[in-house]
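Protein chains: 2
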Amino acid sequence: MRTIKVNLGKRSYKIIVGTDILKELPKYISALGIGKDAYIITNKFLRIKYGKKMEEALKKSGFSVRFKLVPDTETSKSFNMVNVVLNDIAGYDKRKQIFIISFGGGVIGDLSGIVASIYKRGIPYIQVPTTLLAQVDSSIGGKTAVDLNQGKNLVGTFYQPRLVLSDVELLRTLDLRQLKAGLAEVIKYGIIKDKQLFSYLENHFLDILERKTPAFTFIVRRCSSIKAGIVEKDEKEEKGLRTILNFGHTLGHAIEAAGGFRGYNHGEAVALGILCAALISKKLGMLSDESLLRIESLIRAVGLPRKIIPRNRFLFDEGLQSCGKKLTLSGILKAYYHDKKFKNARNRFVLIQGIGKTKIVEDIPLRIIKEVLRRRI
Amino acid sequence: MRTIKVNLGKRSYKIIVGTDILKELPKYISALGIGKDAYIITNKFLRIKYGKKMEEALKKSGFSVRFKLVPDTETSKSFNMVNVVLNDIAGYDKRKQIFIISFGGGVIGDLSGIVASIYKRGIPYIQVPTTLLAQVDSSIGGKTAVDLNQGKNLVGTFYQPRLVLSDVELLRTLDLRQLKAGLAEVIKYGIIKDKQLFSYLENHFLDILERKTPAFTFIVRRCSSIKAGIVEKDEKEEKGLRTILNFGHTLGHAIEAAGGFRGYNHGEAVALGILCAALISKKLGMLSDESLLRIESLIRAVGLPRKIIPRNRFLFDEGLQSCGKKLTLSGILKAYYHDKKFKNARNRFVLIQGIGKTKIVEDIPLRIIKEVLRRRI
């Protein structure tokens, strides 16, 4: 068990990373003094698998417990679901001192964060991430986003949790596709900030895919530290420092969106986005052939996609999956132009000058973006 | 025209108070550099009366303009309406740089503030308050609240505007009931913080009721300064300093709520709440007979209610108005216990030791609260 501190003045909090530490959650919450009524947002699977133990442990420590189950799909990441959960809390909240526990992956974390940030102008919340992606990325930093009927990720807040508890044991039952999706973000951290982490992944990716606890512990700690360090310096993404976390996400989001969010998942799309960003860096003469090759090799080795398949059906680990839309170059470009990070008709990319070294570049010629995407399709 | 600065570091902004200054709005917005697409949230009446001129002036300065009309009722102060407006903005927002102008009273200000705070994790907004209550109070300080189906004022944020422009000319067409409602808050400022303002009101209340511009200018400036000073010291109501602004609001809110929000309006309920809080102060030996009498006299003089009428119909300036619920002592007490400021089963009141001098007191015996309410019913 180890603690990483996120230093944000009055909004500082700890990230606890360890093995089989879920049972210690009540102890950590008690120490925070944030209330006595736990409102746990989770899904049915997690409720069945861990809910009873969690409830017993919390009650033993004097907390009341209420579970709110939400669907384990993107529909939970919507403003409509925010409305549903807020009304549920309000109906339950008679002279209580509620705090929220987000117990799930990125979707549940986003939903919980925004609900906590606006209910009564902000109540405390705790992140207990259960996926690799959530443990290494989305549970840390307080950035939330949910969808409107009119578009994805359009509503959100910056609102820090009071604690992040990452029990890597929870990752052992994660399905392989989700594990790989999380790995895409881990690879991203290596590329933007940590050569050593990148080398570790090259040497130990099999340990991760085989769900070995020490490997999980190593990468979750390392990534949590990197993310914490970046968030500390640029909490609200005002200084451009936090921007480097978007490496691979500009075209990644566009690929995700062009597939109607039912083709590639976030991590898979980010892997493709990483490859595109690396290739753009190479084309602009910023990145060596050798570094590009290392990135491509690692992504191939862990089994993340390297080619955008322009079909509306994909073969994933679980079998053939239908995608809402056929992925085309024009579809990706359209989604890219619609992206909210697109300011003043100038584009803006996080590129790399080597593994561990980023550079923000604006006004990349559309010709180059198209070329790179074409090479991937 | 005079400028009051709200000093909040990076979130600092100006309050401009003056006569016939609405036409200068584009100039002030240009100076802020907050975008080029104005999204104006307002109601039908204001759209018809001022919309065309506003639109022309903004377009002349290079802004695009879109109006979003919302009903001029409490239904606009709801989370459901937040959803409606967010989707409208998202549908409109194709490669735009949108900022919001809140053009209306407190309801429109609350709605605009929360929408601005969560759309894309926060876009700039400007307050152009059109009622006395909004000019002296709700437009300043960034505190917003909207209703859920499950209860009133349960969702909100702290999110500062980038500018407040108070044109007192807009108050000249305000109906008398709304004018008086705003005066209740002005009286509150005098009582909690400014003896001179209180004396001014005693001597000049007729000028205000007769809508004289110099009187409007004086009170809006004075109250804006007081509010700005308090908000500067305790932006997020963490230090208890901002709490004094709740003087008269604890029982005021309960009276408003017990009437189903269709009996006394906010200002009228606050006037009754002020009288109750003054009477409690008197009963606890903190307030002199003379000060209590001055407060009662001023409230009577301006024509605000001094007695809680336990009926379900009220005679207002505009005639007889039906109220949703019959106001009873038990109804008020029930609403009071449900109030979100009620912490750990301890009550908490802002009381006064004289005009201009507050004291926060906890654990007031229920007996005294009941006695005071009974004297008012």
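Protein sequence lines correspond, in order, to chains A and B. Going by this note's numbering, the first sequence opens with residue -16, and the numbers climb by one from there. Going by this note's numbering, the second sequence opens with residue -16, and the numbers climb by one from there. In this text, a Cβ means the ideal position worked out from N, Cα and C, and glycines have one as well.
Which same chain residues, not among the five before or five after residue i, have their C-beta less than 6 Å away from its C-beta?
| i | result |
| --- | --- |
| residue 345 (chain A) | 329, 331 |
| residue 342 (chain A) | 334, 336 |
| residue 248 (chain B) | 164 |
| residue 181 (chain A) | 173, 338 |
| residue 274 (chain B) | 337, 338 |
| residue 125 (chain A) | 141, 142, 143 |
Out of the options, which has the shortest C-alpha to C-alpha gap to residue i?
| i | options | result |
| --- | --- | --- |
| residue 262 (chain B) | B:334, B:138, B:66 | B:334 |
| residue 127 (chain A) | A:152, A:62, A:0, A:115 | A:62 |
| residue 239 (chain B) | B:-9, B:321, B:271 | B:321 |
| residue 370 (chain B) | B:352, B:191, B:119 | The displayed coordinates of chain B run from -16 to 360. Any statement about residue 370 (chain B) would go beyond what the structure contains. |
| residue 46 (chain A) | A:343, A:222, A:14 | A:14 |
| residue 190 (chain A) | A:155, A:69, A:267, A:-5 | A:155 |
| residue 270 (chain B) | B:241, B:174, B:198 | B:174 |
| residue 366 (chain B) | B:118, B:283, B:310, B:104 | This structure cannot settle anything about residue 366 (chain B), because the visible part of chain B is limited to -16 through 360. |
| residue 3 (chain A) | A:253, A:-15, A:66, A:117 | A:-15 |
| residue 12 (chain B) | B:30, B:31, B:44 | B:44 |
| residue 259 (chain A) | A:31, A:99, A:69, A:355 | A:355 |
| residue 5 (chain B) | B:-13, B:37, B:30 | B:37 |
| residue 159 (chain A) | A:266, A:194, A:312, A:226 | A:194 |
| residue 287 (chain A) | A:162, A:227, A:40 | A:162 |
In angstroms, rounded to a whole number, what distance separates the CA positions of residue i and residue j?
| i | j | result |
| --- | --- | --- |
| residue 303 (chain A) | residue 246 (chain A) | Any reading at residue 303 (chain A) needs caution, since the residue's pLDDT is 48, under 50, leaving its predicted position unreliable; the model's value is listed next. About 11 Å. |
| residue 350 (chain A) | residue 317 (chain A) | 15 Å |
| residue 357 (chain B) | residue 276 (chain B) | 18 Å |
| residue 338 (chain B) | residue 251 (chain B) | 20 Å |
| residue 110 (chain A) | residue 192 (chain A) | 24 Å |
| residue 136 (chain A) | residue 102 (chain B) | 9 Å |
| residue 314 (chain A) | residue 236 (chain A) | 12 Å |
| residue 80 (chain B) | residue -8 (chain B) | 24 Å |
| residue 24 (chain B) | residue 148 (chain B) | 15 Å |
| residue 202 (chain B) | residue -2 (chain B) | 14 Å |
| residue 143 (chain A) | residue 309 (chain A) | 37 Å |
| residue 20 (chain B) | residue 120 (chain B) | 27 Å |
| residue 64 (chain A) | residue 55 (chain A) | 12 Å |
| residue 222 (chain B) | residue -4 (chain B) | 21 Å |
| residue 219 (chain B) | residue 230 (chain A) | 34 Å |
| residue 242 (chain A) | residue 311 (chain A) | 9 Å |
Among residues of its own chain, excluding the 5 on either side of residue i, which ones have a beta-carbon nearer than 7 Å to its beta-carbon?
| i | result |
| --- | --- |
| residue 60 (chain B) | 90, 93, 94, 129, 130 |
| residue 57 (chain B) | 90, 244 |
| residue 348 (chain B) | none |
| residue 42 (chain A) | 48 |
Please return the same chain residues whose Cβ sits closer than 8 Å to the Cβ of residue i, not counting the five positions on each side in sequence.
| i | result |
| --- | --- |
| residue 224 (chain B) | 213, 216, 217 |
| residue 177 (chain B) | 205, 209, 339 |
| residue 71 (chain A) | 51 |
| residue 188 (chain A) | 166, 281, 284, 285 |
| residue 10 (chain A) | 44 |
| residue 29 (chain B) | 86, 87, 113 |
For residue i versus residue j, is the C-beta distance shorter than 9 Å?
| i | j | result |
| --- | --- | --- |
| residue 112 (chain A) | residue 17 (chain A) | no |
| residue 359 (chain A) | residue 278 (chain A) | no |
| residue 51 (chain B) | residue 22 (chain B) | yes |
| residue 97 (chain B) | residue -11 (chain B) | no |
| residue 234 (chain B) | residue 172 (chain B) | no |
| residue 196 (chain B) | residue 152 (chain B) | yes |
| residue 200 (chain A) | residue 74 (chain A) | no |
| residue 116 (chain B) | residue 185 (chain B) | no |
| residue 26 (chain B) | residue 53 (chain B) | yes |
| residue 254 (chain A) | residue 170 (chain A) | yes |
| residue 84 (chain A) | residue 157 (chain A) | no |
| residue 198 (chain A) | residue -13 (chain A) | no |
| residue 256 (chain B) | residue 232 (chain B) | yes |
| residue 69 (chain B) | residue 133 (chain A) | yes |
| residue -6 (chain A) | residue 82 (chain A) | no |
- Select from the region 126 to 158 of chain A all residues with a C-beta closer than 7 Å to any C-beta belonging to chain B, and list them in chain order. 131, 132, 133, 134, 137, 138, 139, 140, 141
- Query: Using a Cβ cut-off of 7 Å, which residues of the region 52 to 75 of chain A contact any Cβ in chain B, in chain order?
  - Reply: 62, 66, 69, 70, 73, 74
- What residues in the region 97 to 114 of chain A have a beta carbon less than 9 Å from any beta carbon of chain B? 97, 100, 101, 102, 103, 104, 105
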